[in-house]
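Residue numbers (our numbering), protein chains in the order written: chain A, 1 to 318; chain B, 319 to 738.
The C-beta atom is built at its ideal place from N, Cα and C for all residues, glycine as well.
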């Protein structure tokens, strides 16, 4: 008789017990062959009997939290085929043959060397430099007085280095706590990518506002960024870098993204605009662009006055 | 020689002594103390004063003149408030509203029967002549303030006289006398120490005449009447603006409408720039002064404000320049009214061709909740297409008929001239 494997899952971690005897007992009592220390497991919970014809007999031994097999309550059964999914109390297990196929090996991000952004330290260094450049450019574009190098340095330190540093630190601690990994370089690469993309999206939103003569592009990019992009980026990181299963990665991504997204959304002017039905200020389209790309046609003064006659007052608030 | 001295003394006395009929403040006070009252707005539920002002007997002896702003609570909440008067010697009685002139901040009230001898009106004495304002400041008792006539102010649409005496809260609605003891106006406002304003009596005469012909009665919707008066005043004001020739002013490369009315004053409003600024900005702000009191919480309408803003730089690149330009392009109407008072703004954007240039323009409009047809309008227009030159105009009008503002905006745009 070929040995079987009992895969026991506890809090996302798996341990494996080989079953090679004719009769194997499972329970919380110390006289069992396999001991499960969970308090919802009975002292003697399940007996597994292997017959000579390769069939397996499962016998439930408890009335409290009886064993479930493939989601069915069990008293006693003979199984011909594996795998079998078992639930003993809140312990989940799987009875599998020894030759059960395992998932493909996932390469470590670092093993692919220069092939992807996470493969080598020079990519990380390059992205960090790109972030510093973007931070410096941002300072430069918003400096209307003679630029001082010390101010540039302070700005980049405050707005770029500290921002990236705080996120890397917080996310690395979370990664350590949640998935027991510590992949600082990959994290720096990811945070830098997000930082660069954020700046690109902000600039694009601004240009789109001018293009459409409307403020919906920045509003929707703002919500899309925090409610979709950030959780997706974290989930992809957890799946591809931390090698978590998809469902778990999505849940963790939502958990990690919430403290970033919720305050940003709550404090945003966009949300206030959507929720508050009154504003004493005139919300007009004040965006201006050096490129002057706009979809609206220019009109004559007379046409403007004619069209302006149709402008109704705003809604009265409740 | 003695005869010459006597003759010279008589001549001197004849020139420099006051006219025989001139009265001093004591005589004016004594003559009018029974004809000037404290006007009070009382809460029907508590019976207590909600606001106080002054008033005086006019017309047939049963009418009392005061300011609209003294009794405006009766217009906004007639079910909760009523008006009464009390005299220096304790005479009291209820007054009803007979007429309003909101634009000039006047109200005419009426008692059921004559309550004293009416004060007679007189035209304004010469500039510099002594005038005397009576009223009940801060509920402290009837007093008289002495000052001089500073003349009619054309920046307030001729509806205010400058008075060099001190008016204090509670004196609003009281009479201002010449040295013959005749009322030349009604106390209305103060700006600071010894800068006070009086409404000329001719507006009160008009109100008495109109009210005698068609007095306000219980069926009059007071808010509709207030809105009608304000809108009529503002539309007439805009018509006057449109009928006038507008002088131009130059701001760098644009020629713009200048001081379009005597009611408007323009100021250089350019901000002081840092010594290391790599740009130049120039700002001119023009505004009128004839604000119209609407109702509680110092809510005024009738503002006309237009601002010009020029920005240029040889050192900033186009991206830097437009970041700065956009940050500055965010003018708003200063009065922050809440949802009970006004609707939201509705704004729309146009790109308008003006003098061979393209202006990104926004027109915003909101309406007053309780005053039908009354709107606040905000118009902005910013020059586009120049990498290192920016210019924008903001035009604000409050408490106006929206449609009547469009010809004014059109005239503004038509008068903008780009100088290459």
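For residue 401 of chain B, no alpha helix (DSSP H) segment is defined; the enclosing uninterrupted segment is the beta strand (DSSP E) at 399 to 404. Residue 562 of chain B has its alpha-carbon roughly 44 Å from the corresponding atom of residue 142 of chain A.
Among the CB atoms of chain A, none fall inside 9 Å of the CB of residue 356 of chain B.
For residue 301 of chain A, the nearest CB of chain B lies under 9 Å from its own CB, placing it at the interface with that chain. A straight-line Cα-Cα distance of about 20 Å links residue 52 of chain A and residue 46 of chain A.
Secondary structure of residue 394 of chain B (DSSP, three-state): helix. Per the coordinates, the alpha-carbon of residue 165 of chain A lies some 44 Å from the alpha-carbon of residue 89 of chain A. Counting along the chain, residue 270 of chain A sits inside the alpha helix (DSSP H) bounded by residues 269 to 275. For residue 240 of chain A, the enclosing alpha helix (DSSP H) has its first and last residue at 230 to 240. The region 450 to 513 of chain B contains, as complete beta strand (DSSP E) runs of 3+ residues, the segments 461 to 470, 479 to 481, 493 to 495 and 501 to 510 (chain order). If you look at residue 86 of chain A, you'll find it in the beta strand (DSSP E) that goes 84 to 88. Using beta-carbon distances, residue 143 of chain A counts as an interface residue toward chain B, with a partner under 9 Å.
Comparing alpha carbon positions, the residue from A/181, A/190 and A/59 closest to residue 120 of chain A is A/190. For chain A, the residues of the region 670 to 681 of chain B that bring a beta carbon within less than 8 Å of one of its beta carbons are 670, 671, 672, 676, 678, 679, 680 and 681, in chain order.
One thing to note: residue 204 of chain A has its Cβ no nearer than 9 Å to the Cβ of residue 177 of chain A. Burial of residue 313 of chain A is indicated by the presence of at least 16 other C-beta atoms within 10 angstroms of its C-beta.
Think of a sphere of 9 Å around the beta carbon of residue 731 of chain B: the chain A residues whose beta carbon falls inside it are 301, 304 and 305, in chain order. For the pair residue 695 of chain B and residue 718 of chain B, the CB atoms are nearer than the 9 Å cut-off. One alpha carbon belongs to residue 129 of chain A, the other to residue 160 of chain A, and they sit about 11 Å apart. Membership of residue 14 of chain A in the beta strand (DSSP E) is indicated by the continuous run 13 to 19. Residue 437 of chain B is positioned such that its CB atom lies no closer than 9 Å to that of residue 496 of chain B. By the neighbour-count criterion, in which 16 or more other beta carbons inside 10 Å mark a residue as buried, residue 307 of chain A falls on the exposed side.
For residue 611 of chain B, the number of other beta carbons within 10 angstroms of its own is at least 16, and it is reported as buried.
Cβ-Cβ separation between residue 48 of chain A and residue 19 of chain A: approximately 6 Å, consistent with a contact (criterion under 8 Å).
Only residues of its own chain outside the window of five on either side were considered, and among them 253, 254 and 257 have a CB closer than 6 Å to the CB of residue 231 of chain A, listed in chain order. Residue 34 of chain A has its alpha-carbon roughly 12 Å from the corresponding atom of residue 21 of chain A. Distances from the CA of residue 647 of chain B to each of B/349, B/625 and B/728 were compared; the closest alpha carbon is that of B/625. Bridge partners of residue 383 of chain B according to DSSP: B/374 and B/426. Residue 72 of chain A sits in a strand when the DSSP states are folded into three classes. Remark: three or more beta-carbon pairs, one from each stretch, lie closer than 8 Å, so the region 450 to 465 of chain B and the region 339 to 352 of chain B are flagged as touching. Under the three-state reduction of DSSP, residue 669 of chain B is assigned to strand. Note: residue 515 of chain B is bridge-paired with B/480 and B/507 in the DSSP secondary-structure output. Within the region 257 to 290 of chain A, those residues whose Cβ lies closer than 9 Å to any Cβ of chain B are, in chain order, 277, 278, 279, 280, 281, 282, 283, 284, 285, 286, 287, 288, 289 and 290. Taking the beta carbon of residue 222 of chain A as reference, no residue of chain B falls within 9 Å; the closest one sits roughly 18 Å away. Within chain B, no residue has its beta carbon less than 9 Å from that of residue 209 of chain A; the closest one is some 10 Å off.
Ranked by Cα distance from residue 640 of chain B, the options B/649, B/650 and B/629 are led by B/629.
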